[in-house]
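Asks:
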Amino acid sequence: MFEVGANRLTENVDYVNALNVFPVPDGDTGTNMNLSFTSGVDQVIRKQSQTAGEIAADLAKGLLMGARGNSGVILSQLFRGFAKALEDLDTVNAKQLGQAFSQGVETAYKAVMKPVEGTILTVAREAAEAGQAYLAEGDDPVELMRQVQAAGQVALDNTPNLLPVLAEVGVVDSGGQGLLFIYTGFLESLTGEAVPSQPSNLSQADVTEIAHHEHHFDTAHAVNTEDIKFGYCTEIMVRLKDGPTYTDEFDYDSFRNYLNDLGDSLLVVNDDEIVKVHVHTETPGEVMNYGQKFGSLIKIKVDNMREQHDALLDGQGSVSEAIPVSDEKPAKYGIIAVAAGQGIQDLFKSMGATNIINGGQTMNPSTEDILKAIDQANAENIIILPNNKNIFMAAEQAAQVADMPCAVIPSRTISQGITALLAYNGLAELADNQAAMTEELAFVKSGQITNAVRDTQIDGLTIKKDDFMGIVEGDIKVADADLASATQATIAAMLDEDSEIVTLIIGDQGDQAQAEAIIGQLQIDYPEVEYEIVQGDQPVYHYLVSVE
Numbered sequence: 107m108f109e110v111g112a113n114r115l116t117e118n119v120d121y122v123n124a125l126n127v128f129p130v131p132d133g134d135t136g137t138n139m140n141l142s143f144t145s146g147v148d149q150v151i152r153k154q155s156q157t158a159g160e161i162a163a164d165l166a167k168g169l170l171m172g173a174r175g176n177s178g179v180i181l182s183q184l185f186r187g188f189a190k191a192l193e194d195l196d197t198v199n200a201k202q203l204g205q206a207f208s209q210g211v212e213t214a215y216k217a218v219m220k221p222v223e224g225t226i227l228t229v230a231r232e233a234a235e236a237g238q239a240y241l242a243e244g245d246d247p248v249e250l251m252r253q254v255q256a257a258g259q260v261a262l263d264n265t266p267n268l269l270p271v272l273a274e275v276g277v278v279d280s281g282g283q284g285l286l287f288i289y290t291g292f293l294e295s296l297t298g299e300a301v302p303s304q305p306s307n308l309s310q311a312d313v314t315e316i317a318h319h320e321h322h323f324d325t326a327h328a329v330n331t332e333d334i335k336f337g338y339c340t341e342i343m344v345r346l347k348d349g350p351t352y353t354d355e356f357d358y359d360s361f362r363n364y365l366n367d368l369g370d371s372l373l374v375v376n377d378d379e380i381v382k383v384h385v386h387t388e389t390p391g392e393v394m395n396y397g398q399k400f401g402s403l404i405k406i407k408v409d410n411m412r413e414q415h416d417a418l419l420d421g422q423g424s425v426s427e428a429i430p431v432s433d434e435k436p437a438k439y440g441i442i443a444v445a446a447g448q449g450i451q452d453l454f455k456s457m458g459a460t461n462i463i464n465g466g467q468t469m470n471p472s473t474e475d476i477l478k479a480i481d482q483a484n485a486e487n488i489i490i491l492p493n494n495k496n497i498f499m500a501a502e503q504a505a506q507v508a509d510m511p512c513a514v515i516p517s518r519t520i521s522q523g524i525t526a527l528l529a530y531n532g533l534a535e536l537a538d539n540q541a542a543m544t545e546e547l548a549f550v551k552s553g554q555i556t557n558a559v560r561d562t563q564i565d566g567l568t569i570k571k572d573d574f575m576g577i578v579e580g581d582i583k584v585a586d587a588d589l590a591s592a593t594q595a596t597i598a599a600m601l602d603e604d605s606e607i608v609t610l611i612i613g614d615q616g617d618q619a620q621a622e623a624i625i626g627q628l629q630i631d632y633p634e635v636e637y638e639i640v641q642g643d644q645p646v647y648h649y650l651v652s653v654e
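Letter 234 of the sequence shown, counting from 1, is numbered 340 in my numbering, and no numbers are missing.
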């Protein structure tokens, strides 16, 4: 089932990509889902497990590590719940299969902070509900899969009625379509017969076109040793249900709530066997004693942060100087930024980023890619700047699995990531840095200029293929046949009375002379604003615009 589902999705990657609402050359939902699910199936093939429960667990593990983009992460959560329902089973009957689909939906909805109907979640939920309805009258797993697939198709066809933007553009949800291809493959594997595809409302031309295509420490926020409220950085790892001290069954919510009252900067990550804890507290012994109720302590680490802070201040001379770190000793912070384009990557490095993941639009790194960067950072605390809304969930998933405290800054654009770095303070606590850097995101507007890959109409704007589009905060505001005119109009649409600085970042399809001419005209029209030009070399977008 899993292999045929993966094959069916692979065959239709370009079609799923082409369902992207915006007609931009970055529709990568199909690519992300395909890479994610293929990673899961590769794990199944490598492990060669012999029971249904083990095979499902292998798929979930591979999916978790290979998840790319929001669609890939949601897919990994669907099959994480799916695998959990089949745990310890040698074979699967109809009732168990139906429960697996339902538990996958529950897990995926919990993983998304604000679930939106008309998406992959809706398709998964309504498909699972149809499976449960069938079980009231039948017990054939093949027929159950037929009902799941058919209901998924109905739910997919209805997505434009739930999300107006889909109806306006005339497409169904791309993530839901990707999931339906997987479910269709499942059904084909059980029946041995091909399931007819629904007629496409996109032209072959649409599908083909898309297929081709110096940081300084902030001394103002330096803290005094006496201001540290919780002085002991405490980390424990508990092997659940193990050892003579084990008395209580582990419940994530109650466990986390109890520890939350003992300090701050709390992180709790667990699977079925291990729970990992990081907390700043005044009573590390109480943390350990509490952990022992649930099993045996297999890792303990306690640092006196007041002593560390005093040594830091005594040893550096002034808090504005960079703190030297030996090759062996981990740095206090590692800052990981996702960016494409040599110029943009160099800019992040100059502002203090320690590790760069080459990626961004159309090149979403996987959870495993981010985990590798976390390990390579050799730091006690990690700050991750995804710089793309489609990478945020993979970053969050990596942060939850990592062995050290991680903070994900919800930067949705390169402009936001650069602005967030300005608020980073190497002497502050992780939670304080996360709050300060996140707060900065509200003070910058982000714009992108790229070309349209097909004719469309969205938000009342008529767009022709090959037009240059100006996208402001995720909305298409400008469409023009001339690149310079589109860029200038986009920047003008971003300016208001509070605007102070405009930064124009030139992509690998942009032009320095053209950029200077654009800024020259803006200086005449808006003389009160400061302007900067940066060579970014980024793909996809001819120009990126930042307005602060």
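Note that the Cβ used here is the ideal one computed from N, Cα and C, for glycine as well.
Just so it is clear, the structure is predicted and the values come from calculations on it, not from any experiment.
How far does the alpha helix (DSSP H) with Thr-290 in it extend, from its first residue to its last?
Replies: In the DSSP annotation of this structure, the continuous segment of the alpha helix (DSSP H) that includes Thr-290 starts and ends at 280 to 297.
Asks: Between Lys-571, Ile-441, Thr-144 and Ile-630, which has its C-alpha nearest Asn-531's C-alpha?
Replies: Ile-441
Asks: CA-CA distance, Ala-158 and Gln-202?
Replies: Roughly 11 Å separates the two Cα atoms.
Asks: Between which two residues does the alpha helix (DSSP H) carrying Asn-264 extend?
Replies: Unbroken alpha helix (DSSP H) run through Asn-264: 247 to 268.
Asks: Which first and last residues belong to the beta strand (DSSP E) in which Gln-641 is found?
Replies: Annotation: the continuous beta strand (DSSP E) that includes Gln-641 extends over 636 to 641.
Asks: If you scan the region 508 to 543 from start to end, which runs of the alpha helix (DSSP H) of 4 or more residues do you find wholly inside it?
Replies: List check, alpha helix (DSSP H) in window: 520 to 527.
Asks: Shortest alpha-carbon distance to Ala-124 belongs to which of Gln-283, Glu-232 and Ala-189?
Replies: Gln-283
Asks: In terms of residues, what are the limits of the alpha helix (DSSP H) holding Ala-593?
Replies: Ala is not the amino acid found at residue 593; the sequence shown has Thr there. From DSSP, the alpha helix (DSSP H) with Thr-593 extends over 589 to 600.
Asks: Going residue by residue through the region 128 to 184, where are the continuous alpha helix (DSSP H) segments of at least 4 residues, counting only ones entirely within it?
Replies: Considered as a whole, the region 128 to 184 harbours 135 to 153 and 158 to 172 as its complete alpha helix (DSSP H) runs of no fewer than 4 residues, in chain order.
Asks: Using a Cβ-Cβ cut-off of 8 Å (strictly less than) and excluding sequence neighbours within five positions of Ala-585, which residues of its own chain qualify?
Replies: Excluding positions up to five away in sequence, the list reads Ala-558, Leu-567, Thr-568, Ile-569, Lys-570, Asp-573, Phe-574, Met-575, Gly-576 and Ala-592.
Asks: Beta-carbon within less than 7 Å of Asn-138's beta-carbon, same chain only, minus the 5 sequence neighbours each way: which residues are those?
Replies: Only residues of its own chain outside the window of five on either side were considered, and among them Arg-174, Gly-175, Ser-177, Gly-178 and Asn-470 have a CB closer than 7 Å to the CB of Asn-138, listed in chain order.
Asks: Provide the residue(s) that pair with Leu-567 in DSSP beta bridges, ordered along the chain.
Replies: Ile-564
Asks: Quick one: Cα of Lys-220 to Cα of Val-408, how far?
Replies: Spanning the two alpha carbons is a distance of roughly 36 Å.
Asks: Can you give me the start and stop residues for the beta strand (DSSP E) that Leu-346 sits inside?
Replies: 338 to 346
Asks: Can you say whether Gln-563 is buried or exposed, counting buried as having 16 or more other CB atoms within 10 angstroms of its CB?
Replies: exposed
Asks: Using the Cβ count rule (16 or more neighbours within 10 Å means buried), how would you classify Arg-152?
Replies: exposed
Asks: Measure the alpha-carbon distance for Asp-588 versus Val-383 and round it to whole angstroms.
Replies: 55 Å
Asks: Could you name the residues of the same chain whose beta carbon sits closer than 7 Å to that of Tyr-215, not counting the 5 residues immediately before and after it, in chain order?
Replies: Pro-221 and Leu-227
Asks: What number of angstroms, rounded off, separates the C-alpha of Thr-197 from the C-alpha of Val-393?
Replies: 41 Å
Asks: Determine the DSSP secondary structure at Leu-192, reduced to helix, strand or coil.
Replies: coil
Asks: If you reduce the DSSP assignment to three classes, tell me which class Tyr-215 lands in.
Replies: helix
Asks: Hey, quick one: how far does the beta strand (DSSP E) through Ala-485 stretch, first residue to last?
Replies: 485 to 491
Asks: With DSSP run on the structure shown, which of helix, strand or coil describes Val-653?
Replies: strand
Asks: Tell me where the beta strand (DSSP E) around Met-575 begins and ends.
Replies: 574 to 578
Asks: Quick one: grab the DSSP three-state call for Met-469.
Replies: strand
Asks: So what does DSSP say about Ala-443, is it helix, strand or coil?
Replies: strand
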